[in-house]
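Written out below as structure tokens is the structure these notes cover.
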Amino acid sequence: MTRAPGLTLGVVGGGQLGRMLGEAAAPLGVEVVVSDPTPDAPAAPVVRDQVVGGFDDEATLRELGERADYLTFEIELADPDVLERVGRETETPVHPRPETLRTIQDKLVQKRRLRDAGVPVPAFRGVDSAGELREALDELGYPAMLKARQGGYDGRGNVPVHGPDDVEDAFAALDGPAMVEEFVDFERELAVMGCVGVDGRDTFPVTETIHEEEILREMVAPARAPAKVRERARGVAGDVLDVMTGRGVYGIELFETRDGQILLNEIAPRPHNSGHWTIEGCHTSQFEQHVRAVCGMPLGTTAQRAPTATANILGDVDGRQEASLAGLDAALRTDALAVHWYGKREVYRLRKMGHLTLSTDRERDALLGSVREVRDALTFE
Ligand code: ADP
């Protein structure tokens, strides 16, 4: 039976995702404690407490486990072995399960697992040398995307291979175990936030994600794809959830091909940037849903309130400098627009510093145009 005040949720990672988890947990009577190596991490001001320590530091995670009723993570750099051991020894359930994290951390293992479960994925091969890459591309053809198996994010760790002349340099750029994948000539990129709770599983309305230089810039929901395609995307996301073990929210990134088929790109075993729009756009946000799921509470509805567009606020400066964002008045004057500032002290080029969400009953093209315009008027000085 759920009570308020109730549980304490321990979160490995105290970045913006930890911060938004803290914001969503408080009204449910759930206290959040995060762990993060950077003192005064973005989540710190909005959660009960921060334990300062590395994502794979056993003593840090043990303290978190001892203080919490449930453990989760907002960053894939958490160490699944340490999480598993700490969860067992402190008798604190970890969700999603560390084994899921282990599968997802390695892009090759992840893709194999999903392909074997019947989830549609782009053609891919594991490659450990430039020679193997060349052989793989003789079969898959050019262009292709070479990906580091571990540690890549926001496009870092991905290298496009345009033709045979690129093979040596592309492999040298990663210099480690990699996978290569056919280049998908997509119509759109989509994402579905899926959730697994004690009382079942569900998917949020499909998000259209707009990337530039492999970095997520804007989102539109529902995606401007035909209803049939959106249904297909939610279906694939449901199949993905069947492969995951443990409760929580999963960010499922997809490609919509030119002929309306869905291919899985990758999964994040946590709330994801592509689901930030749900804070204003849905009755239950992805963050609230994650708290509910992990803590064993009933899931909330995934129904959408209104058409929604979100724009990321990314660093636009050269070098590193103290973060000071100017031009917020226009944003604050815009009806139905919400500002989310992540509280990061330092800004550098393309760092995710915040986002803006416009959620109201208007055409999606217009929503996207307006939120972009407001975002583009912001600048770091
Ligand atoms: P990360 O883990 O860094 O987010 P992803 O593998 O999700 O990296 O790739 C980031 C972006 O790169 C994708 O959103 C997409 O725009 C592009 N991309 C990745 N894989 C492919 C592919 N096989 N074909 C075409 N574009 C791709």
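Letter by letter, the sequence shown follows residues 1485 to 1865 of the numbering used here. Idealized CB from N, CA, C, for every residue including glycine. Keep in mind that this is a model prediction, so the values were computed, not measured.
Can you give me the start and stop residues for the beta strand (DSSP E) that Met1504 sits inside? To locate residue 1504, count along the sequence shown from 1; it is residue 20. It is not in any beta strand (DSSP E) - Met1504 instead sits in the alpha helix (DSSP H) that spans 1500–1509.
Just the Cα atoms here: how many angstroms apart are Gly1635 and Glu1507? For the purposes of this step, residue 1635 is identified with residue 151 of the sequence shown, where counting begins at 1. For the purposes of this step, residue 1507 is identified with residue 23 of the sequence shown, where counting begins at 1. The alpha-carbon of Gly1635 is positioned some 28 Å away from that of Glu1507.
Determine the DSSP secondary structure at His1774, reduced to helix, strand or coil. Walking along the sequence shown from the start, residue 1774 turns up at place 290. Three-state result, His1774: helix.
Could you pull out every residue in the same chain whose Cβ sits closer than 7 Å to the Cβ of Gly1610, ignoring the five residues on either side in sequence? The residue labelled residue 1610 in the question sits at position 126 within the sequence shown. Within the same chain, Gly1610 has close Cβ partners Leu1592, Met1663.
Below 6 Å, is the gap between the Cβ of Pro1606 and the nearest heavy atom of the ligand ADP? In the sequence shown, residue 1606 corresponds to position 122, counting from 1. Yes, Cβ of Pro1606 sits closer than 6 Å to a heavy atom of the ligand ADP.
Beta-carbon proximity of Gly1498 to Val1518, cut-off 7 Å: In the sequence shown, the residue the question calls residue 1498 occupies position 14. In the sequence shown, the residue the question calls residue 1518 occupies position 34. Closer than 7 Å, so yes.
CA-CA distance, Leu1834 and Pro1577? Within the sequence shown, numbered from 1, the residue matching residue 1834 stands at position 350. Within the sequence shown, numbered from 1, the residue matching residue 1577 stands at position 93. Cα to Cα, the separation comes out at about 35 Å.
According to DSSP, is Asp1524 part of a helix, a strand, or is it coil? As a working mapping, residue 1524 is identified with position 40 in the sequence shown. Three-state result, Asp1524: coil.
At a cut-off of 6 Å, would you count Asp1756 as near the ligand ADP, judging by its Cβ distance to the nearest heavy atom? Position 272 of the sequence shown, counting from 1, holds the residue named residue 1756. Correcting the residue type first, residue 1756 is His in the shown sequence and not Asp. No; taking the cut-off as 6 Å, the Cβ of His1756 has no heavy atom of the ligand ADP nearer than that.
Check: His1646 C-beta below 6 Å from any heavy atom of the ligand ADP: Walking along the sequence shown from the start, residue 1646 turns up at place 162. Not so, every heavy atom of the ligand ADP lies at least 6 Å from the Cβ.
Within this structure, are the beta carbons of Arg1731 and Gly1684 separated by less than 7 Å? As a position in the sequence shown, residue 1731 is number 247, starting the count at 1. As a position in the sequence shown, residue 1684 is number 200, starting the count at 1. Contact flag unset, no.
Pairwise C-alpha distance: Glu1830 and Arg1581: Locating residue 1581 in the sequence shown gives position 97, counting from the first residue. Locating residue 1830 in the sequence shown gives position 346, counting from the first residue. The alpha-carbon atoms of Arg1581 and Glu1830 are separated by roughly 33 Å.
Quick one: what does DSSP say Leu1561 is sitting in, helix, strand or coil? For this step, residue 1561 is matched to residue 77 along the sequence shown. Looking at Leu1561 - three-state DSSP - the assignment turns out to be coil, as it is neither helix nor strand.
Between the CA atoms of Asp1686 and Pro1755 - distance to the nearest angstrom: Here residue 1755 is taken as the residue at index 271 of the sequence shown, counted from 1. Here residue 1686 is taken as the residue at index 202 of the sequence shown, counted from 1. If I take the Cα positions, the gap works out to 14 Å.
So is Lys1631 buried or exposed if we call it buried at 16+ other beta carbons inside 10 Å? The count along the sequence shown starts at 1 and reaches residue 1631 at position 147. With 16 or more Cβ atoms within 10 Å of its Cβ, Lys1631 is classed as buried.
Short check: CB of Ser1843 to CB of Gly1765, under 7 Å? Position 359 of the sequence shown, counting from 1, holds the residue named residue 1843. Position 281 of the sequence shown, counting from 1, holds the residue named residue 1765. Yes, Cβ-Cβ distance for Ser1843 and Gly1765 is below 7 Å.
Note down, in chain order, each residue of its chain lying with its Cβ closer than 6 Å to the Cβ of Asp1659, except the 5 sequence neighbours on either side. Within the sequence shown, residue 1659 is the residue found at index 175, counting from 1. Counting only Cβ-Cβ distances below 6 Å, and skipping sequence neighbours, we find nothing.
Which one of Thr1794, Ala1795, Leu1809 has the shortest CA to CA distance from Val1801? For the purposes of this step, residue 1801 is identified with residue 317 of the sequence shown, where counting begins at 1. Of the listed residues, the one whose Cα sits closest to Val1801 is Leu1809.
Helix, strand or coil for Glu1623? Go by DSSP, reduced to three states. Here residue 1623 is taken as the residue at index 139 of the sequence shown, counted from 1. Three-state DSSP puts Glu1623 in a helix.
Same chain, Cβ closer than 8 Å to Gly1722, five either side skipped, listed in chain order: Position 238 of the sequence shown, counted from the first residue, corresponds to residue 1722. Excluding positions up to five away in sequence, the list reads Gly1678, Arg1685, Thr1687.
How many Å lie between Arg1572 and Cys1779 at the Cα? Walking along the sequence shown from the start, residue 1572 turns up at place 88. Walking along the sequence shown from the start, residue 1779 turns up at place 295. Rounded to the nearest angstrom, the two C-alpha atoms are 17 Å apart.
Rounding to the nearest angstrom, what Cα-Cα distance links Val1536 and Val1530 in this structure? Against the sequence shown, residue 1536 aligns to sequence position 52. Against the sequence shown, residue 1530 aligns to sequence position 46. If I take the Cα positions, the gap works out to 15 Å.
Determine the contact status of Val1516 and Leu1545, defining contact as a CB-CB distance below 7 Å. Locating residue 1516 in the sequence shown gives position 32, where the first residue counts as 1. Locating residue 1545 in the sequence shown gives position 61, where the first residue counts as 1. Not in contact: Val1516 and Leu1545 (Cβ atoms no closer than 7 Å).
Cβ atoms of Met1703 and Glu1665: under 7 Å apart, would you say? Residue numbering aside, residue 1665 sits at position 181 when the sequence shown is read from its first letter. Residue numbering aside, residue 1703 sits at position 219 when the sequence shown is read from its first letter. Cβ atoms of Glu1665 and Met1703: not closer than 7 Å.
Verify the contact flag: Val1858, CB atom, against every heavy atom of the ligand ADP, threshold strictly below 6 Å. Here residue 1858 refers to the residue found at position 374 of the sequence shown. Checking the Cβ of Val1858 against the ligand ADP gives no.
Assuming Ala1790 and Asp1845 form a contact by the criterion Cβ under 8 Å, report the distance between their Cβ atoms to the nearest whole angstrom. The residue given as residue 1790 occupies position 306 in the sequence shown. The residue given as residue 1845 occupies position 361 in the sequence shown. 5 Å between Cβ atoms; contact.
As a quick exercise: from Leu1851, Thr1768, Asn1796, pick the residue whose alpha carbon is nearest that of Leu1512. The residue you call residue 1512 lines up with position 28 of the sequence shown. The residue with the shortest Cα to Cα distance from Leu1512 is Thr1768.
In this structure, does DSSP put Gly1866 in helix, strand or coil? Within the shown structure, residues of the chain are numbered from 1485 to 1865, placing residue 1866 beyond reach of any answer.
Exposed or buried, Lys1712, counting other C-beta atoms within 10 Å across all chains shown (16 or more means buried)? Within the sequence shown, numbered from 1, the residue matching residue 1712 stands at position 228. Answer is exposed; the Cβ neighbour count stays below 16.
Using only the heavy atoms of the ligand ADP, determine whether one of them is closer than 6 Å to the beta carbon of Asn1796. In the sequence shown, the residue the question calls residue 1796 occupies position 312. Outside the cutoff, so no.
With which residues is Ile1797 paired in a DSSP beta bridge? Numbered from 1 along the sequence shown, position 313 holds the residue referred to as residue 1797. BP columns for Ile1797 point to Gly1838.
Is the beta carbon of Lys1828 sitting closer than 7 Å to the one on Pro1606? Here residue 1828 is taken as the residue at index 344 of the sequence shown, counted from 1. Here residue 1606 is taken as the residue at index 122 of the sequence shown, counted from 1. Their beta carbons are not under 7 Å apart, which means Lys1828 does not touch Pro1606 by this criterion.
Val1603 and Val1724 closer than 7 Å at C-beta: Within the sequence shown, numbered from 1, the residue matching residue 1603 stands at position 119. Within the sequence shown, numbered from 1, the residue matching residue 1724 stands at position 240. In this structure, Val1724 lies closer than 7 Å to Val1603 by Cβ.
Same chain only: Cβ atoms within 6 Å of Gly1647, ignoring 5 sequence neighbours per side: In the sequence shown, counting from the first residue as 1, residue 1647 sits at position 163. Excluding sequence neighbours, Gly1647 sits near Tyr1626.
To the nearest angstrom, how far is the alpha carbon of Asp1612 from that of Gly1549? Reading the sequence shown from its first residue, position 128 is the one you call residue 1612. Reading the sequence shown from its first residue, position 65 is the one you call residue 1549. Straight-line Cα distance between these residues: approximately 37 Å.
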